[in-house]
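Residue 349 in UniProt numbering sits at position 349 of the sequence shown, with consecutive numbering throughout. Worksheet for the structure shown next.
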Amino acid sequence: MSAAKATSGNLFANDPAFEVTAQTVSVLPPLPLAGPYDYLVPEGVSVAPGDFVEIPLGRQTQRGVVWGDAKGDVDPAKLREILGVLPTPPMDDVTRKFIDWVSAYTMSPQGAVLRMAMSVPDALEAPKPIFRFTLNPEFDVSGLRMTPPRKRVLAFLADHPPMEQGDILRETGAGASVVKGLVEAGAVQRLMVTPPSPFDAPDLDIPRPDLSAEQNEAADELCARLEQGGFSCTLLDGVTGSGKTEVYFEPVRAALAKGQQVVVLLPEIALSAQWLQRFRDRFGVEPALWHSEVGQARRRDTWRAVADGSAKLVVGARSALFLPYHDLGLIVVDEEHEHAFKQEDGVMYHARDMAVTRAHLGNIPIVLASATPSLETLANVEAGRYQHVQLGSRHGVAVLPSVEIIDIRQDKPQRNRWITPTLKKRLAETFANGEQAMLFLNRRGYAPLTLCRACGHRFQCPNCTAWLVEHRAWGKLQCHHCGYQAKAPDACPSCGAEGKLAPCGPGVERLFEEAVETFPDIRVEVATSDNIMGPKAAAELINRVHNHEVDLLIGTQILAKGYHFPMLTLVGVVDADLGLAGGDLRAAERSYQLLTQVAGRAGRGDRPGTVILQTADPANRVIKAIAAGDRDAFNAVELSQRMTHGMPPHGRLAALIISGKKENEVDEAAWRIGRVAPRGDGLMVLGPAPAPLSLLRGRYRRRFMIRADKGVKMQALIHEWLSKVKTPGSVRVQVDIDPYSFM
1 MSAAKATSGN
11 LFANDPAFEV
21 TAQTVSVLPP
31 LPLAGPYDYL
41 VPEGVSVAPG
51 DFVEIPLGRQ
61 TQRGVVWGDA
71 KGDVDPAKLR
81 EILGVLPTPP
91 MDDVTRKFID
101 WVSAYTMSPQ
111 GAVLRMAMSV
121 PDALEAPKPI
131 FRFTLNPEFD
141 VSGLRMTPPR
151 KRVLAFLADH
161 PPMEQGDILR
171 ETGAGASVVK
181 GLVEAGAVQR
191 LMVTPPSPFD
201 APDLDIPRPD
211 LSAEQNEAAD
221 ELCARLEQGG
231 FSCTLLDGVT
241 GSGKTEVYFE
251 PVRAALAKGQ
261 QVVVLLPEIA
271 LSAQWLQRFR
281 DRFGVEPALW
291 HSEVGQARRR
301 DTWRAVADGS
311 AKLVVGARSA
321 LFLPYHDLGL
331 IVVDEEHEHA
341 FKQEDGVMYH
351 ARDMAVTRAH
361 LGNIPIVLAS
371 ATPSLETLAN
381 VEAGRYQHVQ
391 LGSRHGVAVL
401 PSVEIIDIRQ
411 DKPQRNRWIT
421 PTLKKRLAET
431 FANGEQAMLF
441 LNRRGYAPLT
451 LCRACGHRFQ
461 CPNCTAWLVE
471 HRAWGKLQCH
481 HCGYQAKAPD
491 ACPSCGAEGK
501 LAPCGPGVER
511 LFEEAVETFP
521 DIRVEVATSD
531 NIMGPKAAAE
541 LINRVHNHEV
551 DLLIGTQILA
561 KGYHFPMLTL
571 VGVVDADLGL
581 AGGDLRAAER
591 SYQLLTQVAG
601 RAGRGDRPGT
611 VILQTADPAN
621 RVIKAIAAGD
631 RDAFNAVELS
641 QRMTHGMPPH
651 GRLAALIISG
661 KKENEVDEAA
671 WRIGRVAPRG
681 DGLMVLGPAP
691 APLSLLRGRY
701 RRRFMIRADK
711 GVKMQALIHE
721 WLSKVKTPGS
731 VRVQVDIDPY
741 SFM
């Protein structure tokens, strides 16, 4: 029966003998809705699971993916008809299973996860055809009325292969009407050609660089896992500067040699200019890039090339994991410990963990690389779920830097200065030797707080529970959470006093000011996410440092992203205590990872390096572990403490974030949810409590924290809990499984 008969069959809707025999399927639209909807398939049309289709949804036309058989929960007489099948390779079974798994694990609507895999709507349309023009060998031009432009076009085509019209017009000076007239006369043929892939094939014959015996052994082990086939997860654990990238390039090459696709996830691809250069040196081509800085047209071409398999290697941020791969054979997660892999908005997921799941569903290997692996990954290694490959020494003649601790209570900086006398002396020695130095301070702007010394007024964001950061170079105060900006005032807005506004604490701009005053003859550059906002800016900075156009580099955590500067021999951490305090479960682990990565920028060439940690708490176990170079001891203590308190990786965490624009509605909803909170052995629910950022982007926020033993089915528990409470539409309830942020 046709869809038209089915949808116009109201006369038969109540007839028990009425039966619709048309094929029905379920279609999932990329919207945060309940799930797939049933549709009729028109007569003469064939669809299969994974096909991209157009469907009517409400009063609009929407696109979606055929998800499988119809659910059968709607009267067939009420079903609407699929409007058409889109000219796109179908989404494979593994990708659809992955979307279902992520949806179930994160407790997000399937369509919200699908939207990440359908993020480029233009890519679903057929590419614009490409036409080229060539002479018709069977046409006799003797009878053709000839003009000078026609002669030029015919002579040009006689000496060239089929050409696009734009090239012909540019080379001959003829008009488009000349080419059109020659085609209509039959003298020239118009050929439609398949658009070429925008990505060149990697050159697998480029000799690899010389690897050490340790690197060769590690590369061989990773390649062996690829050759044996099936799922495996291997931690490539190497100290900073050990050459992990060149090692995992070997299984990348092996997968490409088999004709498979590879995806490499980097925590901040826009800042990874050096990594991209290494890839070009190794494989002779640009990889397919996928991150927020890529333009829309390029994203469309990349999405299509991934779907049809012509893009063999994709390098991207966490969202690259959701591209519709044609034949994915290997996943690499570089810097697997990085917090940037956690998606904090929308669908809340950790790309490292989801990458492991994607590899398991696809029955392929995955490599996790880091110099400071996460405790979750190390626990999986210890349990035997992941394999472990180690690189214990730096590549070539480079050695790990020495680490010195400066107690700023004893070796005090001058008033309103932040560089201690000892660090100042070491900087002077470094510059005198013609070497480079780095100062690390993980605070953007000039000062994290501005207050009035007359009345005590503090400048706070009107949309967030956060102080406004002064950016003196811009003459503005800015919120780093919502982006709110205000012009830095001359007088206090509270009491009107002039000349009483004082910056409190240092940011990198203030450190820059001190460095320029202290060393007026050196070249200083600041690197933060405020001025290094994409691959081009990062590449320009790297070139300046490599060309020794910079003596002192001052920056935030973006300088910990694997950069290799051979002449950089001194790293000074201005405030090593920053990030150690607070209620964050992972504060100590994150601080250890960040400071270790920053320290790893020193001495990567043939000159030894030194790292100086300025601290007011030299007895802190994080500081002591870095100074001693004893990562294993630090991790053992941290894991032991986590086990004592049942925290990850020895327990499970989830968070509920209740938010809305009206504080009383948020409090009421949080109270109602708290009244029916689950209780039981191996379970603890904390809250509701105001979030540390209780106002964020104009929304009031309350939080619950759920801690459970590993055997507790967290998603089922939360689903049952929330099903008991109805919240108003103005209040949003978000679930964060395995939270990384506690703000």
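A virtual CB, placed ideally from N, CA and C, is assigned to each residue, including glycine.
Exposure of residue i, with buried meaning 16 or more beta-carbon neighbours within 10 Å
| i | result |
| --- | --- |
| M118 | buried |
| S374 | buried |
| D210 | exposed |
| P728 | exposed |
| V637 | exposed |
| V676 | exposed |
| A708 | buried |
| K536 | exposed |
| H548 | exposed |
| A13 | Any reading at A13 needs caution, since the residue's pLDDT is 35, under 50, leaving its predicted position unreliable; the model's value is listed next. So A13 counts as exposed. |
| R280 | exposed |
| C233 | buried |
| A17 | In this prediction, A17 scores a pLDDT of 33, lower than 50, which makes its location untrustworthy; the coordinate-derived value is nonetheless stated afterwards. That one is exposed. |
| T644 | exposed |
| Q410 | exposed |
| T61 | exposed |
| P196 | exposed |
| G243 | buried |
| C504 | exposed |
| A6 | With a pLDDT of 36 at A6, under the threshold of 50, the predicted position of this residue should be treated as unreliable, and no value is reported. |
| W67 | buried |
| R56 | Correcting the residue type first, residue 56 is Pro in the shown sequence and not Arg. Exposed. |
Pair within 8 Å by beta-carbon distance, residue i and residue j
| i | j | result |
| --- | --- | --- |
| I554 | I532 | no |
| V314 | L266 | no |
| I269 | R426 | no |
| A187 | L144 | yes |
| D738 | H350 | yes |
| E435 | R607 | yes |
| A599 | T569 | no |
| Y446 | E525 | no |
| E43 | G84 | no |
| L693 | M743 | yes |
| A691 | I657 | yes |
| R170 | L204 | no |
| E663 | Y700 | yes |
| A527 | L541 | yes |
| R63 | L114 | no |
| V712 | R652 | yes |
| G629 | L423 | no |
Range covered by the alpha helix (DSSP H) that runs through residue i
| i | result |
| --- | --- |
| T518 | 508-518 |
| E631 | For the record, residue 631 in the displayed sequence is Arg; it is not Glu. Unbroken alpha helix (DSSP H) run through R631: 631-645. |
| I626 | 621-628 |
| K101 | One detail in the question is off: residue 101 reads as Trp in this sequence, not Lys. That run of the alpha helix (DSSP H) goes 93-106. |
| residue 767 | No information on residue 767 is available, as it lies outside the stretch 1 to 743 that the chain covers here. |
Boundaries of the beta strand (DSSP E) in which residue i is found, first to last residue
| i | result |
| --- | --- |
| D736 | 732-737 |
| E429 | It is not in any beta strand (DSSP E) - E429 instead sits in the alpha helix (DSSP H) that spans 421-432. |
| P56 | 52-57 |
| S494 | Counting along the chain, S494 falls outside any beta strand (DSSP E), and DSSP gives it neither H nor E. |
| K476 | 476-478 |
Distance cut-off 7 Å: residue i Cβ against heavy atoms of the ligand PLP
| i | result |
| --- | --- |
| G329 | Judged by which ligands are present, the structure shown has none, so any question about the ligand PLP falls away. |
Complete runs of the beta strand (DSSP E) confined to the stretch 108-182 [at least 3 residues]: 130-135
Uninterrupted alpha helix (DSSP H) stretches inside the stretch 282-312 (no shorter than 4 residues): 296-308
Ignoring anything shorter than 4 residues or poking outside the stretch 673-723, list the alpha helix (DSSP H) runs there in chain order. 714-722
Of all the beta strand (DSSP E) runs that stay within the bounds of the stretch 201-252, which reach a length of 3 or more residues? Within the stretch 201-252, the complete beta strand (DSSP E) runs of at least 3 residues fall at 232-238.
At least 3 beta-carbon pairs within less than 8 Å: the stretch 45-64 vs the stretch 78-97: The stretch 78-97 and the stretch 45-64 touch, with three or more beta-carbon pairs separated by less than 8 Å.
For the stretch 363-416, list the alpha helix (DSSP H) runs that are entirely contained and at least 4 residues long, ordered along the chain. 375-382
Are the stretch 302-311 and the stretch 331-338 touching by the rule of at least three beta carbon pairs closer than 8 Å? no
Contact between the stretch 447-461 and the stretch 487-496 is defined here as three or more beta-carbon pairs at a separation below 8 Å; is this criterion met? Look at the beta carbons and you see the stretch 447-461 touching the stretch 487-496: at least three pairs across the two are nearer than 8 Å.
Just checking, does the stretch 206-220 make contact with the stretch 189-196 on the three C-beta pairs under 8 Å criterion? no
Tell me whether the stretch 143-159 and the stretch 345-360 touch, counting them as touching only if at least three CB pairs, one residue from each stretch, are closer than 8 Å. Segments in contact, no.
Are the stretch 473-489 and the stretch 716-732 in contact at 8 Å, needing three or more beta carbon pairs? Here the stretch 473-489 does not lie against the stretch 716-732, with fewer than 3 beta-carbon pairs under 8 Å apart.
Whole runs of the alpha helix (DSSP H) within the stretch 328-362, excluding any shorter than 4 residues: For the stretch 328-362, whole alpha helix (DSSP H) runs of length 4 or above, ordered along the chain, are 351-362.
Can you check the stretch 513-574 for any beta strand (DSSP E) of at least 3 residues that lies completely inside it and give the ranges in chain order? The qualifying runs are 524-527, 552-555, 568-573.
On the three-pair Cβ rule with 8 Å, is the stretch 400-414 touching the stretch 246-263? no
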